[in-house]
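Colleague: Let me give you the structure first, and then I'll get to my questions.
Numbering (the numbering used here), first residue to last: 4 to 121.
This is the structure:
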């Protein structure tokens, strides 16, 4: 529980600084948008828990959510990485950090039993 709290504090602070520094929003506007974003996630969680969803529906929802992350990575993150990469060493470091993030996710999924057929 404490790890989740620390994660959320860091996430919301990062969102706030991105909105104020990179998007050039005013502090009140950034706080309002950050609050609305958090509220929408809470509302989505309540709605999901309120309905009895099939495994197929959960899979579709997770697929769409994953697609959003891939879109953001492809349209926002990768161009910024390309601007920062100056040589082969930088590219290898970027690839290494990608693997540091992707390998643990893959390891978690090795023994994933939620989607096993009955």
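Positions of the beta carbon are idealized from the N, C-alpha and C atoms, including for glycine.
Please classify residue 58 as buried or exposed, where buried requires at least 16 other C-beta atoms within 10 Å of its C-beta.
Modeller: exposed
Colleague: Give a yes or no on whether the C-beta atoms belonging to residue 19 and residue 33 are separated by under 8 Å.
Modeller: Cβ distance < 8 Å, so residue 19 and residue 33 count as in contact.
Colleague: What distance in whole Å lies between the Cβ atoms of residue 42 and residue 22, which are believed to be in contact at a cut-off of 8 Å?
Modeller: Wrong, their Cβ atoms sit about 15 Å apart, outside the cutoff.
Colleague: How many Å lie between residue 66 and residue 94 at the Cα?
Modeller: 29 Å
Colleague: What is the DSSP secondary structure of residue 94, counted as helix, strand or coil?
Modeller: Residue 94 falls in the helix class under three-state DSSP.
Colleague: Determine the extent of the alpha helix (DSSP H) in which residue 58 is found, giving its start and end residues.
Modeller: 58-75
Colleague: Would you mind reading off the limits of the alpha helix (DSSP H) that contains residue 50?
Modeller: Per DSSP, residue 50 belongs to the alpha helix (DSSP H) from 30-53.
Colleague: Please go through the same chain and pick out, in chain order, the residues whose beta-carbon is closer than 6 Å to the beta-carbon of residue 84, but skip the five residues on each side of it.
Modeller: 97
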